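Protein chains: 2
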Amino acid sequence: MKIAVDAMGGDNGLKVTVKGSIDAIKEYDVNIVLIGKEELIKEELNKYDYPKNKIDIVNARDIITNDDEPAMAIRKKKDSSIVVGLNLLKNKEVDGFISAGSTGAVLSGGLLIVKRIKGIERPALGTVFPTKKGISLLLDIGANADCKAKYLQQFAIMGSIYAQKILNMSKPRVGLVNIGSERGKGNELMKETYDLLENTDNISFCGNIEGRDIPYGNYDVLVCDGFSGNIILKLTEGLAMSIFDMLKDVFMKSFMTKIGAAILKPSLKEFKKTLDYSEYGGAPLLGIKGAVIKAHGSSDEFAIKNAIRQAKTFIENKIIEKIEEDINLLGGNNDKDS
Amino acid sequence: MKIAVDAMGGDNGLKVTVKGSIDAIKEYDVNIVLIGKEELIKEELNKYDYPKNKIDIVNARDIITNDDEPAMAIRKKKDSSIVVGLNLLKNKEVDGFISAGSTGAVLSGGLLIVKRIKGIERPALGTVFPTKKGISLLLDIGANADCKAKYLQQFAIMGSIYAQKILNMSKPRVGLVNIGSERGKGNELMKETYDLLENTDNISFCGNIEGRDIPYGNYDVLVCDGFSGNIILKLTEGLAMSIFDMLKDVFMKSFMTKIGAAILKPSLKEFKKTLDYSEYGGAPLLGIKGAVIKAHGSSDEFAIKNAIRQAKTFIENKIIEKIEEDINLLGGNNDKDS
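Chains A and B, in that order, give the protein sequences.
Here the UniProt record's numbering is used: the first residue of the first sequence is 1, the next is one more, and so on.
Here the UniProt record's numbering is used: the first residue of the second sequence is 1, the next is one more, and so on.
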């Protein structure tokens, strides 16, 4: 199995993408193709001892940054690591692609280069989300700011497959993110989606879930439009961070609180880690004809290695074939727009 | 000044509405009209010593519960405390109304009985929201699940007035809740709203605010549709609660962590309180022709007293007249739908 890694993407660049790739080939049975500026990748690789036959380099001179307009960058920067990597995937020269670079570019490129699975209206970006009970899968987290009920139905199907095959949830409970728990609540989109989900085979739809209940983890797959999903994800991140920031002030209040805090420090640090969603691997882009994992921009080598393992499991479990099957069951070919 | 209090509403009922009202007349210069089952109110009042001339009772035999469909209940339960109270407000027999009862019924009743201010397309429910820097005003938090850009523009205007007059923010910074910080980001609604807000006089529009930044409090007024606002409010509540729940487990892990936790307990308790948005008073219903404050369902007597003070400040500061003025400045009479 060959997985392409965008060597240039992410806040920490080559240092972590190269090290993460080397760790991955040692730990899992994969071959890696590192994409980016050849001489820089070689220089970084030379720092390590590794089985040379397991890593190839594909030269790509350009880089898409977060400042680039994503769709435009995909069209213009043909020699960027993201475009080159996605083309390898499209041409089946690799089995999967991971990038810690621009989320927008990975989304646009997935859609424009790798293209949608037949019948899928819109691909969705999902993420594993820490909860009190463990984890949930939240999707869409930003690929589609405006959604139709039909898209959300497909998100529910793709999310259920991913939860089952990759997160080992035997019969994932699907919840629709909404502003009331009863049927008939919410905006027009969610009312319509509720009715659709109730009549969708191959998923276990369990009804609406309110914002208040999201952190408690009673549902395995949380379905929402990309606007709400992105707010949920980022608000959760911001709140956890700000609460810990504010706790620091509480801890520094007096001599006694400092002592209390010192005692609790290791346990708190460990707890803080459980709340960090980037600990749980990258975000799968579901609904396109290839395994694409978007790793967090701030990924370290451990996160890159994790994303590679995630891509490997994605491929081994034939997620794309399973999505094709289940979407076919929905009936009708909806492949009318891109 | 006369303020009507729904004596029957809220999880804690008469016990807290009556006590909160008595505390309020002692502390502020207000008269209270308690609405509900007369004999029960009298029985509760008899437990206290208070200036009799400051409290009136208006009998109402019915109660709207959270299980009632709000708009239907407003139409059918004519003798409910909420309908009777809102009618007193409409007929100017009282100057304001507070209720800890069904949010949906207060919203529907506000719209159907008290009615919109001329030019206001949709009333909005706002709430004060604790942040790292203090507080922000978030609106709409659920009155309008589906919104148009024009509604959000009016929310920004009403929110700015409330922040200025009631929250004492001299030049409130308005942020549009969105999924990207730059102009042109977000869903169609937010793109359109951004352009409108940029060209709105009498507000200080400062651009988009992402979910991640909401808890940091860099904006004073957070404008969003009622669907997103409700999710933000409830997710924040749920996350804060779940984090404290999980912290408890961390604290109980060992003998040493228990000691650390015991030392920190008072400071943590105080901190937890600062995160509880119900501590900051009730939610004002902005855009109708009367002062209506929706107190939290779980209000205690302190929260009821606070909501009464909030209604008093609302009336004294002529919020409704100020909204009328600023909406007039927008030009055009938009009073076309209800």
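Just so it is clear, CB atoms sit at the ideal spot from N, CA and C, and this is done for glycine as well.
The structure presented is a predicted model; accordingly, all values stated were derived computationally and were not measured.
- DSSP places B/A283 in the uninterrupted beta strand (DSSP E) bounded by A283 to L286.
- Under DSSP, B/N59 shares a beta bridge with B/G36.
- With fewer than 16 other Cβ atoms from the protein chains shown falling within 10 Å of its own Cβ, B/M256 counts as exposed.
- Runs of the beta strand (DSSP E) lying entirely within the stretch 107 to 143 of chain A, each at least 3 residues long, are 124 to 131 and 134 to 139 in chain order.
- If you check the CB distance, A/V16 and A/E301 come in under 8 Å.
- Nearest C-alpha to B/G10 among B/V94, B/A24 and B/V106: B/V106.
- Using a Cβ-Cβ cut-off of 7 Å, A/D213 is close to G238 of chain B, given in chain order.
- Listed in chain order, the beta strand (DSSP E) runs fully inside the stretch 211 to 268 of chain A are 221 to 223, counting runs of at least 3 residues.
- With fewer than 16 other beta carbons inside 10 angstroms of its own, A/E316 counts as exposed.
- By the rule that beta-carbons nearer than 8 Å mark a contact, B/L235 touches chain A.
- The C-alpha of A/R183 lies about 12 Å from the C-alpha of A/L196.
- Counting of Cβ neighbours within 10 angstroms places A/M72 among the exposed residues, the total staying below 16.
- The three-state reading of DSSP puts A/R173 in strand, counting E and B together.
- Under the Cβ distance rule, B/F227 counts among the residues neighbouring chain A, one pair being separated by less than 8 Å.
- A/G287 and A/I98 have their C-alpha atoms some 16 Å from each other.
- A/G96 sits away from A/P70, with the two beta carbons spaced by 8 Å or more.
- For B/A145, a Cβ of chain A is located within less than 8 Å of the residue's own Cβ.
- Put simply, of A/I141, A/V221 and A/G238 the residue whose alpha carbon is nearest the alpha carbon of B/Y216 is A/G238.
- For B/I64, there is no enclosing beta strand (DSSP E), as DSSP marks it with neither H nor E.
- Taking the C-beta atoms as reference points, B/G20 is found no nearer than 8 Å to B/L138.
- At the C-beta level, A/K42 and A/I57 come within 8 Å of one another.
- Judged by pairs of C-beta atoms under 8 Å, the stretch 160 to 178 of chain B does not touch the stretch 266 to 275 of chain B, as fewer than three such pairs exist.
- Residue-level contact by beta carbon holds for A/A261 and chain B, with a gap shorter than 8 Å.
- Taking a Cβ-Cβ cut-off of 7 Å, A/Y50 has no neighbours in chain B, whose nearest Cβ is about 37 Å from it.
- Counting the other CB atoms within 10 Å of its CB gives A/L329 a total below 16, which places it among the exposed residues.
- Excluding five sequence positions before and after B/G134, the CB atoms of its chain that fall closer than 8 Å to its own CB belong to G217, given in chain order.
- B/A145 and A/S81 have their C-alpha atoms spaced approximately 42 Å apart.
- Sorting A/L34, A/V18 and A/P172 by C-alpha distance to the C-alpha of A/K2 places A/L34 at the top.
- Nearest C-alpha to B/F314 among B/R75, B/A295, B/S298 and B/P284: B/P284.
- DSSP, read as helix, strand or coil, puts A/N208 in strand.
- Taking 8 Å as the threshold, the shortest C-beta distance from B/V94 to chain A does not fall below it.
- Going by DSSP, A/S181 is part of no beta strand (DSSP E) at all; its letter is neither H nor E.
- Residue contact check for A/M72 against chain B: no CB pair falls below 8 Å.
- The bridge partners DSSP lists for B/N31 are B/K2.
- Its chain contains G10, D11 and A100 as the residues whose beta carbon lies nearer than 7 Å to that of B/G297, once the 5 sequence neighbours on both sides are disregarded; these appear in chain order.
- The beta carbon of A/Y219 sits no closer than 8 Å to any beta carbon of chain B.
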